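Just so we're on the same page, my numbering is the position in the sequence shown counted from 1, plus 177. Even glycine gets a Cβ: it sits at the ideal position worked out from N, Cα and C. Please read these numbers as outputs of a predicted model, since none were measured by experiment. See structure below.
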Amino acid sequence: MNFIARSCWVSAPLYALVGMGFGIWMSASGQHQFSPAHAHLNLLGFVSMALFGAYYTLVPTAASSLLARVQVISMHAGAVLMFPGVIMAINGTGDGLAKAGSLLAIISMLLFAFIAFRTNEPARA
Ligand code: HEM
Ligand code: HEM
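Structure, rendered in C-alpha cells:
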C-alpha cells in the first residue's frame, strides 16, 4: 500500500480513540456542551481521513503527487487545530484557532475535490 493511504489508515483510528475518549469524558462529567469539538474531531479526523485512505488505496496514482501530501497534511492540521479551537470558542476564550482549523479543513477538501477530478484512472479491483 502507498505511503499516503497507509498514513491515513493509521491516523484515522488514532483520532477516533482520542475523540471517543473525549466522548466518554463528556458523558461521565456531563459536559455535553463540548459535543461539536468531539463531533468534528471524529468526523474530520476519523471519518474523513479513513475515506481519504480508501480513495488513495483504490486510486494509487492520485496518491503519488505532492498535492496529495499537501491535501492530507492540511486535513491533519485542520482537525488538530479545530479540536482545541472549538473548545476555546465554546468557552468564550477566542475563536482564532477554530477559524484557522476550519480554513485548513476546507482547503484540504477543495484540494481533494481537485485531485479526484483530475485523476482519470480506473479504480483498483
Ligand atoms: C466511545 C465512543 C463515543 C462516546 C462515549 C460518545 C459520546 C458522545 C456524547 C456524550 C455526545 C453528546 C450528545 C448530546 O449531548 O447530545 C456525542 C455527540 C456526538 N458524537 Fe459521539 N461519542 C462516541 C463516538 C463517536 C464517534 C466514533 C463519532 C463519529 C464517527 C461520534 C460522533 C458524534 C456526533 C456527530 C455528535 C453530535 C451529535 C448531535 O449533535 O446530534 N461519536 N457523542
Ligand atoms: C470547515 C469545516 C467545518 C466547519 C467550520 C464546521 C462548522 C460547524 C458548526 C459551526 C456547527 C454547529 C455547532 C453548534 O452550533 O453546536 C457544526 C455542526 C456539525 N457539523 Fe460541522 N463543520 C465543518 C465540517 C464538518 C464535516 C466535514 C462534517 C462531517 C463529515 C461535519 C458534521 C457536523 C455535524 C454532524 C454537526 C452537528 C454536531 C453537533 O451539533 O454537535 N462538519 N459544524
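6 Å CB neighbourhood of residue i in its chain, flanking five on each side removed
| i | result |
| --- | --- |
| residue 199 | 215 |
Residue i: CB within 8 Å of a non-hydrogen atom of ligand 2
| i | result |
| --- | --- |
| residue 188 | no |
| residue 283 | yes |
| residue 271 | no |
| residue 220 | yes |
Cβ distance (whole Å) where residue i is taken to contact residue j below 8 Å
| i | j | result |
| --- | --- | --- |
| residue 218 | residue 195 | 6 Å |
| residue 226 | residue 197 | Not a contact, Cβ separation roughly 15 Å. |
Nonlocal neighbours in the same chain, by C-beta distance under 8 Å from residue i, ignoring five residues either side
| i | result |
| --- | --- |
| residue 193 | 219, 222, 223 |
Nonlocal neighbours in the same chain, by C-beta distance under 7 Å from residue i, ignoring five residues either side
| i | result |
| --- | --- |
| residue 210 | 267 |
| residue 254 | 281 |
Residue i beta carbon near ligand 1 (any heavy atom closer than 8 Å)
| i | result |
| --- | --- |
| residue 257 | no |
### Query
In chain order, which alpha helix (DSSP H) runs of at least 4 residues are fully inside the segment 198 to 258?
212 to 217, 226 to 235, 237 to 240
### Query
Are at least three pairs of beta-carbons, each pair with one atom in the segment 227 to 235 and one in the segment 258 to 274, less than 8 Å apart?
Touching, no.
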